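This report concerns only the one structure given below.
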Amino acid sequence: MAVMNDLYVKEAYRNSELESRLYLACINYCIEQGYANMTWITSVNNNRAQSFFKEMNAVQGKDWVHFSIY
10 MAVMNDLYVK EAYRNSELES RLYLACINYC IEQGYANMTW ITSVNNNRAQ
60 SFFKEMNAVQ GKDWVHFSIY
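Heads up, the sequence shown is in this note's numbering, so the first residue is 10 and it goes up one at a time.
Dropping the structure here:
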């Protein structure tokens, strides 16, 4: 399993071919390495990112609860 900690794209390049190619490069890397899947999180308020991931056929998880400690 691969964990993508962050896929930050400068605002000027969001919703562009570059953003899609960067995301697809992550997927291809996981496939080439034989990982079973790739997982990541995004803020519940980051609707733009969520829309992008859905457009790229990502599936929103429902099985895990995210925790952190400060």
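Note that beta-carbon positions come from the ideal geometry of N, C-alpha and C, so glycine has one too. In this text the structure is predicted, and so the values were computed from the model without any measurement.
Closest Cα partner of residue i within the set the options
i: residue 33; options: 51, 47 and 53; result: 47
i: residue 58; options: 72, 16, 44 and 45; result: 16
i: residue 45; options: 77, 36 and 70; result: 36
i: residue 61; options: 14, 12, 18 and 43; result: 18
i: residue 77; options: 55, 50 and 71; result: 50
Rounded C-alpha distance that separates residue i from residue j
i: residue 40; j: residue 66; result: 16 Å
i: residue 79; j: residue 21; result: 32 Å
i: residue 31; j: residue 42; result: 17 Å
Residues near residue i by beta carbon distance below 8 Å, same chain, minus five either side
i: residue 63; result: 69
i: residue 55; result: none
Three-state secondary structure assigned by DSSP to residue i
i: residue 34; result: helix
i: residue 21; result: helix
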